[in-house]
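A.B. asks: Residue numbers (the numbering used here), protein chains in the order written: chain R, 78 to 403; chain Z, 3 to 400.
The beta carbon of each residue, even a glycine, is placed where N, CA and C say it ideally should be.
A quick note: this is a predicted structure, and the numbers were derived from the prediction, not measured.
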Amino acid sequence: MQASEKQKIIEVSNLNLSFGKKHILKDISFYCYEGEILGLMGISGAGKTTIVRVLVAQLPNFTGKVICAGMDVKKSGIKILQKIGYVPQLESLNLYYNFTALQNVRIFGSMFGLSKKEAIEQGKRIFQVLEIPEDTWKSKVKDMSGGEKKRVSIALGLINNPEVLFLDEPTTGVDASKRFDILNYLRKLNREIKTTMVIVTHDLETSNICDKVVLLRNGQIVDFDTPANLIYKLPSNGEIARLKIDELSNKIIETIQNKDYVKYVLRVGKNDIEVYLHDINNNIKKLVDQLVDNNILVSSVTRGEASFKRYFQIRMQSIEQSKNEV
Amino acid sequence: MGLKESFSRIIKLLYKEFSLIKGDKRALFMALALPPLIISAFGFVGVISDIEGTPINCAVITYDSLGYYYPQYNTTYYNSTWDSVFINMFNNGQFPRLKLKIFYNASEDPYSMHEARLDLASDKVDLIILIPAEFSEAIDLGFPAIIDNIPDGSNIETIKDSLNLMYTATNIFVETNNITPQINMNSRPVYGVPQNANEIMAWASTISLPFLIIGSCLTLTILSVVNEKPIPRLLITPAKKGEVLAAKYIANSIIMIAQCVLTVTFASIFGLYISGSIVDLFLALFAIGFYGMCMGLLISTISDTETQANQLLVAVFLIMILLSGMFIDISNMNIVLQVIAYGLPFAYAVPLISEICFKAKGIFTNPTLFWNFMGIIIICMVMIFLTYLIFKLKRKEV
Ligand SMILES: Nc1ncnc2c1ncn2[C@@H]1O[C@H](COP(=O)(O)OP(=O)(O)OP(=O)(O)O)[C@@H](O)[C@H]1O
Ligand SMILES: [Mg+2]
């Protein structure tokens, strides 16, 4: 499909929302095409969950235009719930622990008008995609492992074959290897079932599977683009120099920072820094030479790509700084 | 269209509700097995003790054999025929439930009355029966004969029982000996429990049946809302709050129908005296159980935690018991307590059961009974409305 033919399945423009006198969401605008994975990112309290609750018609008192699953939220209200799926952050608030995985599937499926048979069939299909071991399907959810519970929870979100699946913090509180698994499963689901996904997270690794990200801060959009484009906005299009310097000190970092062609310096280890500089091809050599001239021992220099995590870090830091300067 | 979908979702939610109830075996046992079990226990008590009731232990003091000096004849008469007859009948167990424990002859022991009082104080006896001087003379001469009745007033049951039993005793005394004292009251209670029915169970059921049903329905429903964590998640499907609640009311009502059928069946097996219609008794029990369920779901909706719900349950149940009319008659309470009492089920439940069982009144034929029945239903409706309102306003986030 051509990009121009793609349907915008979510479209938010000039969304504003207040709780009492507290202005929580300020002029939020973003969109997402069918089949994409959209990340809503930002530190705690940024307004991520609030945006999702507007999208799933739980907070009707907003202004602005909000289209979700192709329906106008203002007009359709909770009718939208038929077409979306939701995976909350905590399994304990989501699953009937004393019922089996299949019973859970049956209960939630029936709310969408599925018959017992349809719900169970759909459930089994998703369980297979998510590789939930078949021998656990008929045991009580409370006896399942944490990762299995999470996957059952995701399956419930998909039981109605939703046009959009919302996932609230799917990787928070999950250990590193499982986090990787879950992201893989989400990727796999997105490819095989072609569900559009909105992932709320402050886990920046999640950006790896996102087609677009919305970066939020204090209820405002800081950035809205693909992760690659955002990284590309960094000096030298996101290419960075990684330096290992013996006896690295803050004074050395300051020296580097003060070069006019250096944009940011991040300390990433005891003796490691990442340097973001303009025109990296010419300036990297200049930098190393200048350091050596100053008797600073550079033991290795490598070039690499900035990660999204670094982008986020730099972006938030620079906003803080510009605010302090004002 | 929307209604049809709502209805179909409610039906489907019933599967969830019954699975949840099935998972809580203890509450289910309480609801279904406890009332029949207790009824059976009452039934056995009634059968074994042969409709007798506990005996009232008596101390009898006679002053009759004290001599009486007639100045005009200048002689002292010692007439003691009739107190001996009375005491002999007493000893032979001819007076129902009255048991002669201690006998004092005041003509021999001047401290009789004092000693009898000590017996009463130490619970050796429940009742002092005092035969005054000139008892026999009065009967022989056709004057009214007096017997003093001094029950242990610390127990209201003893006062009631001793009065009734002494009544019966004097009637038997008069009839057996064919004497005609001037005043003779005949007491013949109507609407009582007939000989062939189980009396204990009949009396016990008017208060204990409502208690059992309400108690078990409360325990069945008290955690239904507060402990169902995924409710907010369920509401991010097309399911609506009203539907989730409706399914709870329906599922628990179905359990209650089973409960009432079992209870009425067991009550009939063990000979509960039901002079009215069994359908009316069933309806009354169902309304009472419905009250328990509505109260349970209301508490469950108000509470934020299981502990809170249990605390509220105990508090509500205590108030229900205290204001049930068992300890203080509701009409004797001050206006504030009366208002509360009429918001509680027993003000309606006790008359309902007793009128149906004893007086054969029908809910739909007797206006008073009808309004007792409707009283419960109306309070239930108010509770359902409150529950819905609170459930609707309480924002729970996933
Ligand atoms: N019901 C409410 N009433 C008043 N303020 C609220 C309400 N819900 C959220 N807020 C406020 O809105 C802001 C955004 O909250 P939100 O839950 O959207 O943050 P978030 O980005 O999801 O954070 P987290 O990562 O911690 O979940 C917070 O400052 C919060 O205090
Ligand atoms: Mg949140």
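How far does the alpha helix (DSSP H) with R:Ala305 in it extend, from its first residue to its last?
C.D. replies: Pro304 to Tyr309
A.B. asks: Under 8 angstroms, CB to CB, which of the residues in the region 132-150 of chain R have a partner in chain Z?
C.D. replies: Val133 and Gln135
A.B. asks: How close, in whole Å, do the beta carbons of Z:Leu346 and Z:Leu371 come, if the pair is a contact with beta carbons under 8 angstroms?
C.D. replies: Contact doesn't hold; Cβ gap of about 18 angstroms is too wide.
A.B. asks: Tell me the DSSP secondary structure of R:Gln205 in three-state form.
C.D. replies: Per DSSP, reduced to three states, the secondary structure at R:Gln205 is helical.
A.B. asks: Below 7 angstroms, is the gap between the Cβ of R:His279 and the nearest heavy atom of ligand 1?
C.D. replies: yes
A.B. asks: Report the three-state DSSP secondary structure of R:Leu244 (helix, strand or coil).
C.D. replies: strand
A.B. asks: Would the C-beta of R:Thr126 count as close to ligand 1, meaning under 7 angstroms from any of its heavy atoms?
C.D. replies: yes
A.B. asks: Of all Cβ atoms in chain Z, is any one closer than 8 angstroms to the Cβ of R:Ser121?
C.D. replies: Judged by the 8 angstroms Cβ criterion, R:Ser121 is not in contact with chain Z.
A.B. asks: Quick check on DSSP: helix, strand or coil for Z:Asp142?
C.D. replies: helix
A.B. asks: Could you check the C-alpha separation between Z:Ala317 and Z:Gln310 for me, to the nearest Å?
C.D. replies: 11 angstroms
A.B. asks: So within the region 140-169 of chain R, which uninterrupted alpha helix (DSSP H) runs reach at least 4 residues, ignoring any that extend past its ends?
C.D. replies: 150-153
A.B. asks: Return the residue from the list Z:Val338, Z:Phe329, Z:Val246 and Z:Ile342 that minimises the CA-CA distance to Z:Ile1.
C.D. replies: In this structure chain Z extends from 3 to 400, so residue 1 of chain Z is not present and cannot be described.
A.B. asks: Assuming Z:Ile41 contacts Z:Val62 (C-beta within less than 8 angstroms), just tell me the rounded distance between them.
C.D. replies: Incorrect: roughly 39 angstroms between the Cβ atoms, too far for contact.
A.B. asks: What separation, rounded to the nearest whole angstrom, lies between the Cα atoms of R:Leu364 and R:Ser376?
C.D. replies: 14 angstroms
A.B. asks: Along the chain, where does the beta strand (DSSP E) that runs through R:Lys103 open and close?
C.D. replies: Lys99 to Tyr110
A.B. asks: With three or more beta-carbon pairs closer than 8 angstroms as the criterion, would you say the region 135-151 of chain Z touches the region 119-126 of chain Z?
C.D. replies: no
A.B. asks: Would R:Phe243 pass as a contact of R:Val275 if the rule is Cβ separation under 8 angstroms?
C.D. replies: With respect to the 8 angstroms criterion, R:Phe243 and R:Val275 are classified as neighbours on the basis of their beta carbons.
A.B. asks: DSSP three-state call for R:Gln297: helix, strand or coil?
C.D. replies: If DSSP states are grouped into helix, strand and coil, R:Gln297 belongs with the strands.
A.B. asks: Which partner residues of Z:Pro1 appear in the DSSP bridge assignment?
C.D. replies: Given that chain Z is displayed from residue 3 to residue 400, the structure contains no residue 1 of chain Z and the question cannot be resolved.
A.B. asks: Any beta carbon from chain R within less than 8 angstroms of Z:Thr239's own beta carbon?
C.D. replies: So yes, Z:Thr239 belongs to the interface.
A.B. asks: With a threshold of 8 angstroms, are at least 3 pairs of Cβ atoms found where one atom belongs to the region 236-255 of chain R and the other to the region 186-194 of chain R?
C.D. replies: yes
A.B. asks: Taking the continuous beta strand (DSSP E) assigned at Z:Phe366, which residues delimit it?
C.D. replies: Careful: Z:Phe366 lies outside any beta strand (DSSP E) and carries neither H nor E.
A.B. asks: Is there at least one non-hydrogen atom of ligand 2 closer than 7 angstroms to the beta-carbon of Z:Asp282?
C.D. replies: No heavy atom of ligand 2 is found nearer than 7 angstroms to the CB of Z:Asp282.
A.B. asks: So Z:Pro484 and R:Leu170 are in contact, right, with Cβ under 8 angstroms, and what is the actual spacing, rounded?
C.D. replies: Any answer about residue 484 of chain Z is impossible in this case: the structure gives chain Z only from 3 up to 400.
A.B. asks: Short of 9 angstroms Cβ to Cβ, which residues in the region 171-185 of chain R face chain Z?
C.D. replies: Asn171, Leu172, Tyr173, Tyr174, Asn175, Phe176, Gln180, Asn181, Arg183, Ile184 and Phe185
A.B. asks: Kindly identify the DSSP beta-bridge partner or partners of R:Met274.
C.D. replies: R:Ile114 and R:Leu242
A.B. asks: Could you have a look at R:Gly122 and say whether DSSP puts it in helix, strand or coil?
C.D. replies: coil
A.B. asks: Under the three-state reduction of DSSP, which class applies to Z:Asp26: helix, strand or coil?
C.D. replies: coil
A.B. asks: Roughly how many angstroms separate the alpha carbons of Z:Asp150 and Z:Tyr75, rounded to a whole number?
C.D. replies: Taking the straight line joining both Cα atoms gives about 30 angstroms.
A.B. asks: For R:Gly381, write down the residues that DSSP places opposite it in a beta bridge.
C.D. replies: R:Ile317
A.B. asks: If the cut is a Cβ gap below 8 angstroms, which residues of chain Z does R:Phe189 touch?
C.D. replies: Thr239 and Pro240
A.B. asks: Going by CA-CA distance only, name the one from R:Asn358, R:Asp356, R:Val339 and R:Asn359 that's closest to R:Ile350.
C.D. replies: The residue among R:Asn358, R:Asp356, R:Val339 and R:Asn359 with its C-alpha nearest the C-alpha of R:Ile350 is R:Val339.
A.B. asks: I want to see whether chain Z comes within less than 8 angstroms of R:Ser95, judged by CB atoms only; does it?
C.D. replies: So no, R:Ser95 is outside the interface.
A.B. asks: Could you pull the DSSP bridge partners for Z:Thr77 from this structure?
C.D. replies: Z:Tyr72
A.B. asks: For R:Phe204 and Z:Leu225, I'd like the C-alpha separation in whole angstroms.
C.D. replies: One C-alpha to the other measures close to 31 angstroms.
A.B. asks: Chain R beta carbons: is any one of them nearer than 8 angstroms to that of Z:Pro232?
C.D. replies: By the rule that beta-carbons nearer than 8 angstroms mark a contact, Z:Pro232 touches chain R.
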